[in-house]
Amino acid sequence: MHQAAATGFERGATEYDLGRPGYPGDVLRLLRDDIGVGPGVVVVDVGAGTGKFTRLLVSTGADVIAVEPVASMRVVLQMTLPDVPVHSGTAERLPIDDESVDVVAAAQAFHWFEAGAALAEAHRVLRPGGALVLVGNKRDDRHDWVRDLEEVHLELAGDAPRYLRAGVPWVRTIAESGGFDAVEHLTFDNPVRVDVPTFRARESSISYISALPDAEREEVLDRVERIVRSGPMAAGGETFVEPYLTDVYWCRRR
Numbered sequence: 037m038h039q040a041a042a043t044g045f046e047r048g049a050t051e052y053d054l055g056r057p058g059y060p061g062d063v064l065r066l067l068r069d070d071i072g073v074g075p076g077v078v079v080v081d082v083g084a085g086t087g088k089f090t091r092l093l094v095s096t097g098a099d100v101i102a103v104e105p106v107a108s109m110r111v112v113l114q115m116t117l118p119d120v121p122v123h124s125g126t127a128e129r130l131p132i133d134d135e136s137v138d139v140v141a142a143a144q145a146f147h148w149f150e151a152g153a154a155l156a157e158a159h160r161v162l163r164p165g166g167a168l169v170l171v172g173n174k175r176d177d178r179h180d181w182v183r184d185l186e187e188v189h190l191e192l193a194g195d196a197p198r199y200l201r202a203g204v205p206w207v208r209t210i211a212e213s214g215g216f217d218a219v220e221h222l223t224f225d226n227p228v229r230v231d232v233p234t235f236r237a238r239e240s241s242i243s244y245i246s247a248l249p250d251a252e253r254e255e256v257l258d259r260v261e262r263i264v265r266s267g268p269m270a271a272g273g274e275t276f277v278e279p280y281l282t283d284v285y286w287c288r289r290r
């Protein structure tokens, strides 16, 4: 695991579960209607974190298995979804039998994976015709204040992989592997109304911010809070809308 993920996510699991956005109803409809996720379908949620996407998968009636390498994330997931089996493991070494599942999903996680090895593992555990589904939320940078936040993140990220255009290398890797059909891609609007504590929790849950020493982390959180107070909260009020976009990439195993 990248050190930022190992340290930041171990420390920030509670903030992650509070602050990270969920997924719009369009994603649920896509899972059900186009990908066929539902009762009798076995789904592995890879890099499941605290279960933000796992909950959506469970709502389809599918049989869901979660795989997550960070212990504190697994603890939160098991508390919120006690009926979901949760395994310690990584995308590159899944604790799953060959050709035993119908869907491999990864939400807000696949930018951390080594694409070639993770794709080979997905191919191994999927039954022929099974689906690989990659999902990611990102803030819509057509807004000035979002671009100001991005400048802060770029200063701090170092070599930590980030989900911005993470789908592009994956699409290329999938195409070059020869083991999957062509990738389909849709993007959905996902506006999320939050208050300042929730926004700070979301920022604090970012791996390279969570891993900072306490005083430095608080300085960063104060800095990004000033951005939203002078941006989307400038007119007053206790809440504001974070303009997220949700990307979904999916394909079928040959």
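Numbering-wise, the working numbering puts 59 at position 23 of the sequence shown, and it's gapless, one number per residue.
Each residue gets a CB set at the ideal place from its N, CA and C atoms; glycine is no exception.
None of these values were measured; they are calculated from a predicted model.
Minimum C-alpha distance to G55 - residue among A158, G76 and P233:
Numbered from its first residue, the sequence shown carries residue 55 at position 19. It is P233.
Quick one: what's got a C-beta closer than 8 angstroms to V111's C-beta in the same chain, skipping five residues either side? Stepping through the sequence shown from its first residue, residue 111 is reached at position 75. Excluding positions up to five away in sequence, the list reads A49.
Original post:
How many whole angstroms separate the CB atoms of G166 and T209, which I take to be in contact at a CB cut-off of 8 angstroms?
Top reply: Within the sequence shown, the letter at position 130 stands for residue 166. Within the sequence shown, the letter at position 173 stands for residue 209. Actually they are not in contact, since the Cβ atoms of G166 and T209 sit about 18 angstroms apart, beyond 8 angstroms.
*Residue from V228, V82 and L190 whose Cα sits closest to the Cα of H123*: As a working mapping, residue 123 is identified with position 87 in the sequence shown. Comparing Cα-Cα distances from H123 to each of V228, V82 and L190, the minimum goes to V82.
Leaving out the 5 sequence neighbours to the left and right, which residues in its chain are closer than 6 angstroms to F224 when beta-carbon positions are compared? Within the sequence shown, the letter at position 188 stands for residue 224. Here the set comprises P60, D62 and T282.
Which residues mark the beginning and the end of the beta strand (DSSP E) in which H221 is found? In the sequence shown, counting from the first residue as 1, residue 221 sits at position 185. From DSSP, the beta strand (DSSP E) with H221 extends over E220 to D231.
Next on the checklist: DSSP has G172 in a bridge; who is on the other side?
Outcome noted: Translated into the one-based positions of the sequence shown, residue 172 becomes position 136. In DSSP, G172 forms a bridge with D283.
Legend entry - CA-to-CA distance, S241 to A40, given in whole angstroms: Within the sequence shown, residue 40 is the residue found at index 4, counting from 1. Within the sequence shown, residue 241 is the residue found at index 205, counting from 1. For A40, the predicted model reports a pLDDT of 49, less than 50, meaning its position is unreliable and no value from the coordinates is stated.
Q. Going straight from the alpha carbon of L192 to that of I245, what length do you get?
A. Taking the first residue of the sequence shown as 1, we reach residue 192 at position 156. Taking the first residue of the sequence shown as 1, we reach residue 245 at position 209. Their Cα atoms are separated by approximately 7 angstroms.
D138: buried (16+ other C-beta within 10 angstroms of its C-beta) or exposed?
One-based indexing of the sequence shown puts residue 138 at position 102. Classification of D138: buried, given that the 10 Å Cβ count is 16 or more.
Can you list, in chain order, the residues of its chain with a C-beta nearer than 8 angstroms to that of D99? Leave out the 5 residues immediately preceding and following it.
Walking along the sequence shown from the start, residue 99 turns up at place 63. For D99, where only same-chain residues beyond five positions count, the Cβ hits under 8 angstroms are G76, V77, V78 and V79.
Original post:
Does the Cβ of R178 have 16 or more other Cβ atoms within 10 Å, making it buried, or fewer, making it exposed?
Top reply: Here residue 178 refers to the residue found at position 142 when the sequence shown is read from its first residue. Counting Cβ neighbours within 10 Å, R178 comes out exposed, since fewer than 16 surround it.
Query - Own chain, CB closer than 8 angstroms to S136, minus 5 neighbours either side, in chain order - result: As a working note, residue 136 is residue 100 in the sequence shown. The residues are V78, V161 and R163.
Residue from P105, R91 and A143 whose Cα sits closest to the Cα of S119: Working through the sequence shown from its first residue, we reach residue 119 at position 83. Here residue 119 turns out to be Asp, not Ser, going by the sequence shown. Among P105, R91 and A143, the Cα nearest to that of D119 belongs to R91.
Short check: CB of R129 to CB of E157, under 8 angstroms?
Within the sequence shown, residue 129 is the residue found at index 93, counting from 1. Within the sequence shown, residue 157 is the residue found at index 121, counting from 1. Their beta carbons are under 8 angstroms apart, which means R129 touches E157 by this criterion.
### Message
Does S95 pass the burial test, meaning 16 or more other C-beta atoms within 10 Å, or should it be called exposed?
### Response
Position 59 of the sequence shown, counting from 1, holds the residue named residue 95. S95 comes out exposed.
Go through its chain and collect everything with a Cβ distance to L168's Cβ below 6 angstroms, but skip five positions before and after it. Taking the sequence shown and counting its residues from 1, the one referred to as residue 168 is at position 132. Closer than 6 angstroms at Cβ, skipping near neighbours: V140, A158 and C287.
- Item | V182 and R259 closer than 8 angstroms at C-beta | Residue 182 sits at position 146 when you count from the first residue of the sequence shown. Residue 259 sits at position 223 when you count from the first residue of the sequence shown. Their beta carbons are not under 8 angstroms apart, which means V182 does not touch R259 by this criterion.
| task | Compute the Euclidean distance between the alpha carbons of D195 and I132, then round it to the nearest angstrom. | result | Within the sequence shown, the letter at position 159 stands for residue 195. Within the sequence shown, the letter at position 96 stands for residue 132. Going by the C-alpha atoms only, they are around 30 angstroms apart.
Exercise. Which of the three DSSP states, helix, strand or coil, is assigned to E157?
Worked result: On the sequence shown, position 121 is the one that residue 157 refers to. It is helical.
**Asked** Is I101 helix, strand or coil when you go by DSSP?
**Response** Counting from one through the sequence shown, the residue named residue 101 turns up at place 65. In this structure, I101 counts as strand in the three-state DSSP scheme.
Could you compute how far the alpha carbon of A154 sits from the alpha carbon of V256?
Locating residue 154 in the sequence shown gives position 118, where the first residue counts as 1. Locating residue 256 in the sequence shown gives position 220, where the first residue counts as 1. Between A154 and V256, the C-alpha separation is close to 33 angstroms.
### Query
Helix, strand or coil: how does DSSP classify A145 here?
What you label residue 145 is simply residue 109 of the sequence shown in a count that begins at 1. Three-state DSSP puts A145 in coil, outside helix and strand.
Own chain residues within Cβ distance below 8 angstroms of L93, not counting five before or after
Looking up residue 93 in the sequence shown gives position 57. Excluding sequence neighbours, L93 sits near L67, V73, V79, D81, V100 and A141.
Per DSSP, which one or two residues make a beta bridge with L162? For the purposes of this step, residue 162 is identified with residue 126 of the sequence shown, where counting begins at 1. Answer is V137, bridged to L162.
(message) Out of A84, Q144, P105 and H147, which one is the CA nearest neighbour of T116?
(response) As a working note, residue 116 is residue 80 in the sequence shown. For the residues A84, Q144, P105 and H147, the minimum Cα distance to T116 belongs to A84.
Exercise. Between V230 and T275, which are expected to be in contact by the criterion C-beta below 8 angstroms, what is the C-beta distance as a whole number of angstroms?
Worked result: Against the sequence shown, residue 230 aligns to sequence position 194. Against the sequence shown, residue 275 aligns to sequence position 239. Confirmed, Cβ separation roughly 6 angstroms.
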